[in-house]
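Participant:
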Ligand SMILES: Nc1nc2c(c(=O)[nH]1)N[C@H]1C(S)=C(S)[C@@H](COP(=O)(O)OP(=O)(O)OC[C@H]3O[C@@H](n4cnc5c(=O)[nH]c(N)nc54)[C@H](O)[C@@H]3O)O[C@H]1N2
Ligand SMILES: Nc1nc2c(c(=O)[nH]1)N[C@H]1C(S)=C(S)[C@@H](COP(=O)(O)OP(=O)(O)OC[C@H]3O[C@@H](n4cnc5c(=O)[nH]c(N)nc54)[C@H](O)[C@@H]3O)O[C@H]1N2
Ligand code: SF4
Ligand SMILES: [Mo]
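In structure tokens form, the structure reads like this:
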């Protein structure tokens, strides 16, 4: 007799979401081997139980091993594929190749490129490995693409890195300025808190500065839709008004700042009229923004990549901080310049000094005293630390390309997708003598360049800490064991370091051999004593007992510090904050007659960066099912372009083809593309084929937000639409190698178990269709019908399973195919003779899912809102927007402007 199976008991593990810098606490359910569910941690101060669409779907990213990097792999030369090897072989090879290159060419011939998604403990070990053991400062991170302008500005203006503010300020501000931040999508859980505060107090004013009408902008009281890159002019113009209308705080300026006179001289020229003209906004709107801020009792600025990712990102930050210092809107509840961190541990990386110009605990490489302090704490001679700053990301890859850096170890980031001008990055990795990639997934655009692939554990599997945007340190805990032979990032670094030490006898010995994450944390905190981020009083038991805590927390303290500089004493030598005179400078690459469009780039609501995780979850594709280029309909009309048409986007560096989408969220002359799609889902590496490597002189952060481009119709008459029901991850692995051969090709997840491929070319690439049939297992047989019309170049195949349409390939002409894909997704019983499938002319049009949690589609919302339903009724009748709330801004917009939304 069969015993009834008792399901294994579910255990709950308290951890942190691995996506954005909000740093939401999560409770992970697992049955011992699999992650089965997730909830927001009701006790975590960042989210109090809430999660957004990305956080809520985390278990779905972790349930299958397909696509994960599970075993170390090694290739002996570039002409061979990598082979699975054991860990010792992989680690020995990395250590030997690095040691060999260091001995032949010196320590600066090697580099590490790491990530703000590493845990603090991982980061600490990598930083010690580069700076302490190897003796190079060539360790930079993807935070260079993200936060480095914010870091540079905080240090210049306030004397130290890190925001002076905290999340509780979100509810206390009566004027909120969002600058270059689409918080509704990029920091959704904090945005929910702001929405609630505004709903409770109608006096609260929101100003959004963004060249696009984002979901955040659509909810603002005032949207300053500036021309790209003109923020400095705007802030200078606002300050001009504040000064000449007496809305500054002279007592605060006198007591706590320096440099105001010079700034005042500069902004004299920035009359509101002149500034508004540069920005392309109304003078009256600029003045309103200044008035609201100047008369506010607590003004808070929230800013992100629209400021940082600019060739003058540091000045953009400084110009905004100037406004806060001049009005005394800093160091008090509800007020201050609040830089939102993007990645979950951008802050932790800064704390351990994991960048090319930093040392541990916010120390500087060029400062001899700082070097001596770190050397003493590590127990090595000061001369063992190199005084020369390492190369920041863009220059680092350039040095690899130039042959100056010969080995590079890439950890937890995907530069072949996320760096500007990726063709140069590909050339660099091709040119390098030795490339190591340490990844959780085996299918990113960087992995093909790896001579050694080191499999890393990821969310739900690793232990350590992260620091969120408000300086709060949370524990990350494992809920399940590592998949395959994957190891924790710090363990891999430690294992290589111990081997490298033996191979480099003249370098410091005995720095490694960490027992666990806690030991690393304890060493890290000992380096922070008496620094601005002093956490010498914090440890794992305390975090266990009291939950996540904010720094600083010096030994003996009984609590962290919510706000900094409340006493008006800043972290500069004389305690005064610094004003900086910031003249306006235009974007690095102005538009011209050859490249007439401003290209903006940014994020989508439900995708995360290169999609190695979010791209695995069909539900997260529903909100934005495909990569497109957004253009204002007037620009399209002028050029005779239709919505849905394939267009070529070219810059001086490169080009790509995408379908055109009409959008009045961009102004005329400006187009937008999301940053997420890459060669795992497209025929090319994505929008960074076109972007440029111009960097900010002070922060070395590249201008990823803007490039000058040309848009023209792409004439690709041969079309393919294919779809298949099955395991989407396995199907994706089979289809991905076909993408690069077409002029345009895109994979998307059309339903929970349906994958779709769309492709276009001038003519079919040789043998490509045969491989497509193989990939989708669509060979003629009992359940597969074929139609050919050689004269018209048509070939169609359709497959059935259990009486429903289960697969199709339409090649040559794709008329009617989209409707069939919808039928396939809906999996309804096929009606009538199967042969009818080939006559299909049109059919159901895809209906976008707006609310992920309740699976509410656009058509349902539109239908009700056309009848005058408001948000409350839509929530009540359809259930949309009632769980995570990520779709609420969009639903509100649909209600307010049904024709436009
Ligand atoms: N859903 C989702 N959330 C994320 C991420 C993700 O991948 N997906 N990534 C995380 C990370 S690492 C980061 S860094 C953050 C980024 O968070 P955000 O910076 O908020 O997001 P972006 O969409 O990159 O850019 C914000 C806005 O900058 C605007 N912008 C472009 N040029 C300018 C300009 O010159 N001036 C101004 N004022 N605005 C401009 C763009 O139109 C865009 O709306 O998001 C984090 N959260
Ligand atoms: N055009 C344009 N480009 C941009 C931006 C933009 O706005 N526009 N934004 C920039 C910004 S702000 C950022 S932050 C970058 C982000 O760019 P990337 O850093 O390239 O982004 P991810 O795709 O998140 O890369 C993280 C990688 O780490 C892997 N991974 C996940 N967990 C682990 C782990 O625990 N260990 C290891 N070893 N690997 C793991 C993931 O599979 C993934 O491939 O993109 C930048 N690029
Ligand atoms: S806001 Fe969403 S993505 Fe960000 S930490 Fe919270 S749940 Fe994760
Ligand atoms: Mo970022």
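Numbering (the working numbering), first residue to last: 9 to 909.
A virtual CB, placed ideally from N, CA and C, is assigned to each residue, including glycine.
Indicate whether residue 794 and residue 702 have their beta-carbon atoms separated by less than 8 Å.
Facilitator: Residue numbering aside, residue 794 sits at position 786 when the chain shown is read from its first letter. Residue numbering aside, residue 702 sits at position 694 when the chain shown is read from its first letter. Cβ distance not < 8 Å, so residue 794 and residue 702 don't count as in contact.
Participant: Buried or exposed for residue 469, going by 16 or more other Cβ atoms inside 10 Å?
Facilitator: Residue numbering aside, residue 469 sits at position 461 when the chain shown is read from its first letter. Looking at its Cβ environment, which holds 16 or more other Cβ atoms inside 10 Å, residue 469 is buried.
Participant: Measuring CA to CA, which of 303, 125, 876 is closest to residue 357?
Facilitator: Within the chain shown, the letter at position 349 stands for residue 357. Of 303, 125, 876, the residue nearest in Cα terms is 125.
Participant: Just mark residue 254 as buried or exposed, buried being the case when its beta carbon has 16 or more other beta carbons within 10 Å.
Facilitator: Here residue 254 corresponds to residue number 246 of the chain shown, with the count starting at 1. Exposed: under 16 other Cβ atoms inside 10 Å.
Participant: Using only the heavy atoms of ligand 1, determine whether one of them is closer than 7 Å to the beta carbon of residue 338.
Facilitator: Here the question's residue 338 lines up with position 330 in the chain shown. Every heavy atom of ligand 1 is 7 Å or more from the Cβ of residue 338, so no.
Participant: Note the first and the last residue of the continuous beta strand (DSSP E) segment covering residue 270.
Facilitator: As a working note, residue 270 is residue 262 in the chain shown. Where residue 270 is concerned, there is no enclosing beta strand (DSSP E), although the alpha helix (DSSP H) it sits in stretches over 268-275.
Participant: Is residue 529 near residue 129, with beta carbons less than 8 Å apart?
Facilitator: Stepping through the chain shown from its first residue, residue 529 is reached at position 521. Stepping through the chain shown from its first residue, residue 129 is reached at position 121. Going by C-beta atoms, residue 529 is nearer than 8 Å to residue 129.
Participant: Under a three-way DSSP split, which group does residue 425 fall into?
Facilitator: In the chain shown, the residue the question calls residue 425 occupies position 417. Looking at residue 425 - three-state DSSP - the assignment turns out to be helix.
Participant: Just mark residue 363 as buried or exposed, buried being the case when its beta carbon has 16 or more other beta carbons within 10 Å.
Facilitator: Looking up residue 363 in the chain shown gives position 355. Residue 363 should be labelled buried.
Participant: Distance check for residue 387 and residue 671, CA to CA, integer angstroms please.
Facilitator: For the purposes of this step, residue 671 is taken as the residue at position 663 of the chain shown. For the purposes of this step, residue 387 is taken as the residue at position 379 of the chain shown. Rounded to the nearest angstrom, the two C-alpha atoms are 59 Å apart.
Participant: Please name the residue, chosen from 554, 874, 409, 630, that lies closest to residue 862 on a Cα-to-Cα basis.
Facilitator: Looking up residue 862 in the chain shown gives position 854. Checking every option, the nearest Cα to that of residue 862 belongs to 630.
Participant: What do you reckon, are the CB atoms on residue 681 and residue 599 nearer than 8 Å?
Facilitator: Locating residue 681 in the chain shown gives position 673, counting from the first residue. Locating residue 599 in the chain shown gives position 591, counting from the first residue. No, these two residues do not count as a Cβ contact at 8 Å.
Participant: By how many angstroms is the C-alpha of residue 720 removed from the C-alpha of residue 656?
Facilitator: Here residue 656 refers to the residue found at position 648 of the chain shown. Here residue 720 refers to the residue found at position 712 of the chain shown. For residue 656 and residue 720, the distance between alpha carbons rounds to 5 Å.
Participant: Counting only runs that start and end within the stretch 817-896, where is the beta strand (DSSP E) found for 3 or more residues in a row?
Facilitator: Listed in chain order, the complete beta strand (DSSP E) runs (minimum 3 residues) inside the stretch 817-896 are 857-859.
Participant: Measure from the C-beta of residue 207 to each C-beta in chain C and report whether the shortest distance is under 8 Å.
Facilitator: This model lacks chain C altogether; it includes just one protein chain.
Participant: Can you list, in chain order, every residue whose CB sits closer than 6 Å to a heavy atom of ligand 4?
Facilitator: That query returns the following residues: 154, 350, 351.
Participant: On the DSSP bridge assignment, give the partners of residue 710 in chain order.
Facilitator: On the chain shown, position 702 is the one that residue 710 refers to. Residue 710 pairs with 703.
Participant: Would the beta-carbon of residue 23 fall within 8 Å of that of residue 625?
Facilitator: The residue given as residue 23 occupies position 15 in the chain shown. The residue given as residue 625 occupies position 617 in the chain shown. It is not a contact, given that the beta carbons lie outside the stated cut-off.
Participant: Quick one: which unbroken alpha helix (DSSP H) runs of 4-plus residues sit fully inside the stretch 51-120? Chain order, please.
Facilitator: As far as the stretch 51-120 is concerned, its whole alpha helix (DSSP H) runs of at least 4 residues are 61-64, 66-70, 95-113.
Participant: Give the list of continuous alpha helix (DSSP H) stretches no shorter than 4 residues that lie fully inside the stretch 622-659.
Facilitator: Segments of the alpha helix (DSSP H) lying fully in the stretch 622-659: 641-646.
Participant: Residue 796: buried (16+ other C-beta within 10 angstroms of its C-beta) or exposed?
Facilitator: Counted from its first residue, the chain shown places residue 796 at position 788. Under this definition residue 796 is an exposed residue.
Participant: Exposed or buried, what is residue 438 when buried is set at 16 or more other beta-carbons lying within 10 Å of its beta-carbon?
Facilitator: Numbered from 1 along the chain shown, position 430 holds the residue referred to as residue 438. Result: exposed.
Participant: State the DSSP-derived secondary structure class of residue 405, mapped to helix, strand or coil.
Facilitator: Translated into positions along the chain shown, residue 405 becomes position 397. Three-state result, residue 405: helix.
Participant: Going by the beta-carbon positions, is the gap between residue 492 and residue 73 smaller than 8 Å?
Facilitator: Taking the first residue of the chain shown as position 1, residue 492 is located at position 484. Taking the first residue of the chain shown as position 1, residue 73 is located at position 65. It is a contact, given that the beta carbons lie within the stated cut-off.
Participant: Between residue 828 and residue 28, what straight-line distance do the alpha-carbon atoms span, to the nearest angstrom?
Facilitator: Counting from one through the chain shown, the residue named residue 828 turns up at place 820. Counting from one through the chain shown, the residue named residue 28 turns up at place 20. Residue 828 and residue 28: Cα-Cα distance of roughly 37 Å.
Participant: Since residue 218 and residue 350 should fall inside the 8 Å C-beta cutoff, what is the C-beta to C-beta distance between them, to a whole number of angstroms?
Facilitator: The count along the chain shown starts at 1 and reaches residue 218 at position 210. The count along the chain shown starts at 1 and reaches residue 350 at position 342. Residue 218 to residue 350, Cβ: 16 Å. No contact.
Participant: With a Cβ-Cβ cutoff of 8 Å, do residue 232 and residue 293 count as a contact?
Facilitator: Along the chain shown, one-based indexing puts residue 232 at 224. Along the chain shown, one-based indexing puts residue 293 at 285. Yes; because the gap between Cβ atoms is below 8 Å, this pair is in contact.
Participant: The beta strand (DSSP E) spanning residue 667 covers which residue range?
Facilitator: On the chain shown, position 659 is the one that residue 667 refers to. 663-670 is the span of the beta strand (DSSP E), which, as asked, contains residue 667.
Participant: Measure the C-alpha to C-alpha separation of residue 590 and residue 159 and round it to an integer number of angstroms.
Facilitator: On the chain shown, position 582 is the one that residue 590 refers to. On the chain shown, position 151 is the one that residue 159 refers to. If I take the Cα positions, the gap works out to 17 Å.
Participant: Return the CA-CA distance between residue 449 and residue 526, expressed in angstroms with no decimal places.
Facilitator: To locate residue 449, count along the chain shown from 1; it is residue 441. To locate residue 526, count along the chain shown from 1; it is residue 518. Cα to Cα, the separation comes out at about 26 Å.
Participant: Output the distance between the C-alpha atoms of residue 536 and residue 543, rounded to the nearest integer angstrom.
Facilitator: The count along the chain shown starts at 1 and reaches residue 536 at position 528. The count along the chain shown starts at 1 and reaches residue 543 at position 535. About 6 Å.
Participant: Between residue 652 and the rest of its own chain, which residues show a CB-CB distance below 6 Å, the 5 nearest in sequence each way excluded?
Facilitator: For the purposes of this step, residue 652 is taken as the residue at position 644 of the chain shown. Same-chain partners within the cutoff: 667.
Participant: Any idea if residue 13 is buried or exposed, counting beta-carbon neighbours within 10 angstroms, 16 or more meaning buried?
Facilitator: Sequence index remark: in the chain shown, residue 13 carries index 5 (1-based). Exposed, by the Cβ-count rule.
Participant: Could you say which of 620, 430, 811 lies nearest to residue 406 if we only look at CA atoms?
Facilitator: As a working mapping, residue 406 is identified with position 398 in the chain shown. The residue with the shortest Cα to Cα distance from residue 406 is 430.
Participant: Spatial neighbours of residue 201 within its chain, please: C-beta separation below 6 Å, excluding the five flanking residues on both sides.
Facilitator: For this step, residue 201 is matched to residue 193 along the chain shown. Excluding residues within five positions, the ones whose Cβ falls inside 6 Å are 178.
Participant: In whole angstroms, what separates the C-alpha of residue 105 from that of residue 747?
Facilitator: Locating residue 105 in the chain shown gives position 97, counting from the first residue. Locating residue 747 in the chain shown gives position 739, counting from the first residue. So the alpha carbons of these two residues sit roughly 34 Å apart.
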